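According to the working numbering, the sequence shown holds residues 3 to 452 in order.
This report refers to the structure that appears directly beneath it.
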Amino acid sequence: MEQLHPLQEDPGRDQTREQDRARGCFRRAAQAFLKFLGVRRNRTTTKPTEVMAQPDPSPTELKADPDVTTALTDGTGCCDTPTIVHATKSDPALSDATTDPDSPSMDRTATPDIPLSDEPTNSGPAPPDLTAEADAAMTEGTADTDLVPRESVNSAPTPDIFEGNGVSSPEQVPAFIRNVHQRLTANVTPEEKLLAEFLRVTEAHPADVVLTLLRCAPSCDRAAATLWKIIASSGRTVAKVLPELLPVMEDWPLHSTSTSDGDKTHVFALAATRVIWEILQMLQGPEPLRKYSPRLLVDLLFQISISPEQMPEEVDTLWRECQKQYDLPTDSKRFAVLTLKALLHLECEGVVLSMERKRGWDTLLSADTHHYAVGLLAREMLRASSPLYYRIARCLLRLLTREKTSWELPAMAFLVEVLDYLDMTEWSDSILEVLSRHLWSERPEMRRLC
3 MEQLHPLQED PGRDQTREQD RARGCFRRAA QAFLKFLGVR RNRTTTKPTE VMAQPDPSPT
63 ELKADPDVTT ALTDGTGCCD TPTIVHATKS DPALSDATTD PDSPSMDRTA TPDIPLSDEP
123 TNSGPAPPDL TAEADAAMTE GTADTDLVPR ESVNSAPTPD IFEGNGVSSP EQVPAFIRNV
183 HQRLTANVTP EEKLLAEFLR VTEAHPADVV LTLLRCAPSC DRAAATLWKI IASSGRTVAK
243 VLPELLPVME DWPLHSTSTS DGDKTHVFAL AATRVIWEIL QMLQGPEPLR KYSPRLLVDL
303 LFQISISPEQ MPEEVDTLWR ECQKQYDLPT DSKRFAVLTL KALLHLECEG VVLSMERKRG
363 WDTLLSADTH HYAVGLLARE MLRASSPLYY RIARCLLRLL TREKTSWELP AMAFLVEVLD
423 YLDMTEWSDS ILEVLSRHLW SERPEMRRLC
């Protein structure tokens, strides 16, 4: 057997035969003592007796299979050590770390259990072959969660699209997104390849990705927040996702649509607002939002104007779930104000400060004074020479041309403030029509504005 173990001549091993034999005896004695006391460790260990039960390959077998390499587990031929662990050439990471001083440590693939020893890992039993981990788990009980990397299949599902060439059809997108979210929920660190595939799928199928994420995590839990931040890290991806979030926010309180797999579950408008908040925290400038800022601002102002009587119970339930996960305001309307301020910080920070000095944000929260605060916001935008007011006015004019809108008074309050600064050649007919219709409103404040 000495001829089968040339690794004994490895200069990296400085342990003598007597030291290894003594250490193996001490280890077995310590394990027997712990077993006598009934102590069960949390991690699954590979017992020497079980490893010794593996068949010791004969010289004939080793010569017959050229793809099999041998590695000594203890550096000696002592009978107290486990038998040889075999690793195929297709998986060089499974070979003993002591076979090559420059090779990476086995700890990167699996963490062997070393009971009651502070010695380096090369002096203890060699790590078990990963192909035999299932047998060891069946023999000794629960599997060791530290033996497998975070990306292990034991922590989260691994559908075929993870192992294959990715998503090949729109019908696979919802299942792919749900499984990515489930992986992150199980505290699995996402692989770079998986994240690259996630961004590719999001750019190719933004509607399916947005709706699926809003359905499987409406409160935007930790895993979903991570995925939204990954989306926000790519300006090109954000530009494709925002147009899908806007219709959800505008269809208060629920947005009804179908994804490619036929799922027609309603999506909460508040869930989309929660996502906008996460995206705004990641953006460093207004460029990705510049095209959609007016609609976002109008949608947020509308959500702030909703009275408690108009708030469905299911929306309150959703917001309570959001509060459990993050330190958010007790009222969803105050959260909409925070999101509005974050949006304005990117576009015109001076308006946020001037509204703060004039207590405009508090006025915005009251249903009775909401339209006054909207008018104040328009005046502050004009003073700051922000071009945003012009695009907001166009959004509001389109909103007012719809009959039976639920946000007519605040929209008119904003439009009246900026009317003198608009190019009337394009909008004159539409504005006159809107003003004439609302002159007959039952609300005195609306008639005064008209």
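Glycine is no exception: its CB is placed at the ideal position from the N, C-alpha and C atoms.
Computed from a predicted structure; not experimentally measured.
Taking its Cβ as the centre, do 16 or more other Cβ atoms sit within 10 Å of residue i, making it buried, or is it exposed?
i: Asp301; result: buried
i: Leu342; result: buried
i: Phe28; result: exposed
i: Thr261; result: buried
i: Arg450; result: exposed
i: Leu441; result: exposed
i: Gly237; result: exposed
i: Pro275; result: Residue 275 is actually Thr in this sequence, not Pro. By the neighbour-count rule (16 or more Cβ atoms within 10 Å), Thr275 is buried.
i: Thr407; result: exposed
i: Glu419; result: buried
i: Asp364; result: exposed
i: Ala206; result: exposed
i: Leu215; result: buried
i: Arg297; result: buried
i: Pro208; result: buried
i: Ala31; result: exposed
i: Leu96; result: Here the model assigns Leu96 a pLDDT of 36, short of 50, so the residue's position is not dependable, and the following value carries that caveat. Counting Cβ neighbours within 10 Å, Leu96 comes out buried, since at least 16 surround it.
i: Thr239; result: buried
i: Gln305; result: buried
i: Gly362; result: buried
Would you check if the distance between the CB atom of residue i and the CB atom of residue j is smaller than 8 Å?
i: Ser295; j: Glu349; result: yes
i: Ala241; j: Leu186; result: no
i: Leu346; j: Val339; result: no
i: Ser334; j: Leu272; result: yes
i: Ser462; j: Trp429; result: Residue 462 lies beyond the residue range present for the chain, which begins at 3 and ends at 452; the question has no answer from this structure.
i: Asp253; j: Arg217; result: no
i: Ser432; j: Leu399; result: yes
i: Met383; j: Leu411; result: no
i: Thr267; j: Val243; result: no
i: Ser221; j: Met284; result: no
i: Leu402; j: Ala413; result: yes
i: Phe227; j: Glu280; result: Before going on, a small fix: residue 227 reads as Ala here, not Phe. The answer is yes: Cβ separation under 8 Å.
i: Leu197; j: Ile232; result: yes
i: Asp210; j: Pro172; result: yes
i: Pro255; j: Pro314; result: yes
i: Leu367; j: Arg336; result: yes
i: Ser438; j: Ala369; result: no
i: Lys360; j: Leu379; result: no
With H, G and I counted as helix, E and B as strand and the rest as coil, what does DSSP make of residue i?
i: Pro103; result: At Pro103, the pLDDT of 40 sits below 50, so the modelled position is not reliable; the number obtained from the coordinates is stated separately. Looking at Pro103 - three-state DSSP - the assignment turns out to be coil, as it is neither helix nor strand.
i: Val300; result: helix
i: Arg268; result: One point to set straight first is that residue 268 is His, not Arg, in the sequence displayed. Correct three-state label for His268: coil.
i: Glu358; result: helix
i: Leu441; result: coil
i: His454; result: Nothing about residue 454 can be read from this structure; the chain reaches only from 3 to 452.
i: Leu291; result: helix
i: His207; result: coil
i: Leu1; result: The shown model of the chain, from 3 to 452, leaves out residue 1, and the question about it has no answer.
i: Glu153; result: Because the pLDDT at Glu153 is just 33, under 50, the model does not fix this residue reliably, and the value given afterwards should be weighed accordingly. Coil at Glu153, not helix or strand.
i: Cys324; result: helix
i: Ile278; result: helix
i: Asn181; result: helix
i: Glu199; result: helix
i: Val212; result: helix
i: Met448; result: helix
i: Ile308; result: coil
i: Cys218; result: helix
i: Thr191; result: coil
i: Ser432; result: helix
i: Met284; result: helix
i: Met383; result: helix
i: Pro172; result: helix
Report back the beta-carbon spacing between residue i and residue j to the nearest angstrom; my notes put them in contact at under 8 Å.
i: Val182; j: Phe200; result: 6 Å
i: Val277; j: Leu213; result: At roughly 11 Å, the Cβ-Cβ gap does not stay under 8 Å, so Val277 and Leu213 are not in contact.
i: Leu303; j: Val376; result: 6 Å
i: Val169; j: Phe178; result: 5 Å
i: Ala344; j: Leu282; result: 4 Å
Are the C-beta of residue i and some C-beta of chain D separated by less than 8 Å?
i: Leu320; result: Protein chain content of the structure displayed is limited to a single chain, and chain D is not contained in it.
Check whether the segment 417 to 428 and the segment 392 to 406 touch, using three or more Cβ-Cβ pairs below 8 Å as the test.
The answer is yes - the segment 392 to 406 touches the segment 417 to 428, with three or more Cβ pairs under 8 Å.
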